[in-house]
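In the working numbering, the protein residues as written are 500 to 634. Here a beta-carbon is modelled for each residue, glycine too, at the ideal position from N, C-alpha and C.
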(Lines of atoms letter the chains of each structure in order from A and count residues from 1; the text may use other names and numbers.)
(Lines give C-alpha, C1' and ligand atoms only; values in the text may rest on other atoms or scores of the structure.)
Protein backbone atom coordinates (compact mmCIF):
# COMPACT_ATOMS: atom_id res chain seq x y z
CA UNK A 1 0.00 0.00 0.00
CA UNK A 2 2.83 2.48 0.36
CA UNK A 3 2.96 2.57 -3.45
CA UNK A 4 -0.58 3.92 -3.72
CA UNK A 5 0.12 6.61 -1.17
CA UNK A 6 3.17 7.72 -3.23
CA UNK A 7 1.09 7.94 -6.40
CA UNK A 8 -1.61 9.90 -4.65
CA UNK A 9 0.91 12.47 -3.38
CA UNK A 10 2.72 12.80 -6.71
CA UNK A 11 2.53 16.28 -8.20
CA UNK A 12 2.27 16.97 -11.92
CA UNK A 13 0.26 18.85 -14.51
CA UNK A 14 -3.36 18.05 -15.03
CA UNK A 15 -4.89 17.94 -18.47
CA UNK A 16 -6.66 21.27 -17.85
CA UNK A 17 -3.37 22.99 -16.98
CA UNK A 18 -1.74 21.68 -20.16
CA UNK A 19 -4.68 22.82 -22.32
CA UNK A 20 -4.72 26.31 -20.75
CA UNK A 21 -0.94 26.69 -21.14
CA UNK A 22 -1.16 25.60 -24.79
CA UNK A 23 -4.01 28.04 -25.45
CA UNK A 24 -2.11 30.95 -23.87
CA UNK A 25 1.03 30.06 -25.86
CA UNK A 26 -1.00 29.83 -29.09
CA UNK A 27 -2.63 33.20 -28.44
CA UNK A 28 0.75 34.87 -27.83
CA UNK A 29 2.18 33.36 -31.03
CA UNK A 30 -0.91 34.48 -32.99
CA UNK A 31 -0.62 38.08 -31.75
CA UNK A 32 3.13 38.25 -32.41
CA UNK A 33 2.64 36.87 -35.92
CA UNK A 34 0.09 39.62 -36.63
CA UNK A 35 2.57 42.25 -35.45
CA UNK A 36 5.25 40.74 -37.68
CA UNK A 37 3.11 40.88 -40.83
CA UNK A 38 1.94 44.43 -40.10
CA UNK A 39 5.49 45.61 -39.48
CA UNK A 40 6.90 43.94 -42.57
CA UNK A 41 4.19 45.41 -44.84
CA UNK A 42 4.82 48.89 -43.40
CA UNK A 43 8.54 48.39 -44.01
CA UNK A 44 7.87 47.61 -47.67
CA UNK A 45 5.69 50.71 -47.97
CA UNK A 46 8.44 52.82 -46.43
CA UNK A 47 10.91 51.42 -48.93
CA UNK A 48 8.62 52.33 -51.83
CA UNK A 49 8.07 55.86 -50.49
CA UNK A 50 11.83 56.31 -50.13
CA UNK A 51 12.38 55.10 -53.70
CA UNK A 52 9.65 57.41 -55.02
CA UNK A 53 11.14 60.38 -53.18
CA UNK A 54 14.62 59.62 -54.50
CA UNK A 55 13.30 59.36 -58.07
CA UNK A 56 11.59 62.75 -57.72
CA UNK A 57 14.73 64.28 -56.19
CA UNK A 58 16.81 62.80 -59.01
CA UNK A 59 14.68 64.62 -61.61
CA UNK A 60 14.74 67.90 -59.66
CA UNK A 61 18.53 67.83 -59.43
CA UNK A 62 18.83 67.07 -63.15
CA UNK A 63 16.60 70.05 -64.02
CA UNK A 64 18.37 72.37 -61.58
CA UNK A 65 21.66 71.49 -63.27
CA UNK A 66 20.42 72.82 -66.61
CA UNK A 67 20.44 76.46 -67.67
CA UNK A 68 17.38 78.54 -66.84
CA UNK A 69 16.80 79.42 -70.50
CA UNK A 70 16.49 75.72 -71.39
CA UNK A 71 13.48 75.30 -69.09
CA UNK A 72 10.36 75.17 -71.25
CA UNK A 73 6.91 75.33 -69.68
CA UNK A 74 5.06 72.04 -70.01
CA UNK A 75 4.57 68.55 -68.65
CA UNK A 76 6.44 65.33 -69.39
CA UNK A 77 5.58 61.83 -68.19
CA UNK A 78 7.81 58.78 -68.20
CA UNK A 79 7.60 55.22 -66.93
CA UNK A 80 10.75 54.23 -65.05
CA UNK A 81 12.25 51.48 -62.92
CA UNK A 82 13.59 51.79 -59.36
CA UNK A 83 16.84 53.31 -60.61
CA UNK A 84 15.21 56.00 -62.77
CA UNK A 85 15.94 54.31 -66.10
CA UNK A 86 13.23 54.45 -68.77
CA UNK A 87 11.34 51.15 -68.76
CA UNK A 88 7.89 50.63 -70.35
CA UNK A 89 7.25 47.88 -67.78
CA UNK A 90 8.58 50.01 -64.91
CA UNK A 91 6.75 50.23 -61.63
CA UNK A 92 7.01 54.01 -61.25
CA UNK A 93 5.54 56.86 -63.32
CA UNK A 94 7.33 60.21 -63.05
CA UNK A 95 5.54 63.38 -64.18
CA UNK A 96 7.52 66.62 -64.40
CA UNK A 97 5.71 69.95 -64.72
CA UNK A 98 7.56 73.20 -65.44
CA UNK A 99 5.55 76.41 -64.98
CA UNK A 100 6.91 79.68 -66.34
CA UNK A 101 6.64 82.47 -65.41
CA UNK A 102 5.81 82.30 -61.73
CA UNK A 103 4.84 85.40 -59.72
CA UNK A 104 4.21 87.68 -62.65
CA UNK A 105 7.29 88.58 -64.62
CA UNK A 106 9.91 87.42 -62.12
CA UNK A 107 12.58 85.21 -63.68
CA UNK A 108 11.35 82.14 -61.82
CA UNK A 109 10.18 78.70 -62.88
CA UNK A 110 8.23 76.32 -60.68
CA UNK A 111 9.17 72.67 -61.07
CA UNK A 112 6.90 69.96 -59.69
CA UNK A 113 7.85 66.30 -59.92
CA UNK A 114 5.22 63.69 -59.05
CA UNK A 115 6.09 60.01 -58.79
CA UNK A 116 3.23 57.49 -58.64
CA UNK A 117 3.22 53.72 -58.22
CA UNK A 118 0.81 50.93 -57.36
CA UNK A 119 1.15 49.43 -53.88
CA UNK A 120 -1.15 46.42 -53.89
CA UNK A 121 -4.44 47.96 -54.99
CA UNK A 122 -3.66 51.48 -53.75
CA UNK A 123 -1.99 54.17 -55.88
CA UNK A 124 0.72 55.96 -53.91
CA UNK A 125 2.09 59.40 -54.79
CA UNK A 126 5.09 61.53 -53.84
CA UNK A 127 5.33 65.14 -55.07
CA UNK A 128 8.31 67.48 -54.74
CA UNK A 129 8.11 71.13 -55.80
CA UNK A 130 10.79 73.81 -56.03
CA UNK A 131 11.47 77.19 -57.63
CA UNK A 132 14.40 77.84 -59.96
CA UNK A 133 15.51 81.37 -60.76
CA UNK A 134 17.65 83.12 -63.34
CA UNK A 135 19.86 85.32 -61.19
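Problem set entry | DSSP three-state assignment for residue 621, whether helix, strand or coil | Strand.
Exercise. For residue 602, which three-state DSSP category applies?
Worked result: In the structure shown, residue 602 sits in coil (DSSP, three-state: anything other than H, G, I, E or B).
Exercise. What residue from 591, 598, 562 and 605 has the CA that sits closest to residue 618's CA?
Worked result: When only C-alpha atoms are compared, the closest one is 591.
For this session: Can you tell me the Cβ-Cβ gap for residue 608 and residue 598, rounded? I've got them flagged as a contact below 8 Å.
Result: The distance from the Cβ of residue 608 to that of residue 598 is about 7 Å, consistent with a contact at the 8 Å cut-off.
Exercise. Among the residues of its own chain, which have a CB less than 6 Å from the CB of residue 562, if the five just before and after it don't count?
Worked result: Result list for residue 562: 610, in chain order.
For this session: Leaving out five residues on either side along the sequence, give the residues of the same chain with a beta carbon under 7 Å from the beta carbon of residue 579.
Result: Taking residue 579 as the centre and dropping the five residues before and after it, the same chain places the C-beta of 554, 585, 586, 589, 591 and 593 closer than 7 Å to its C-beta, in chain order.
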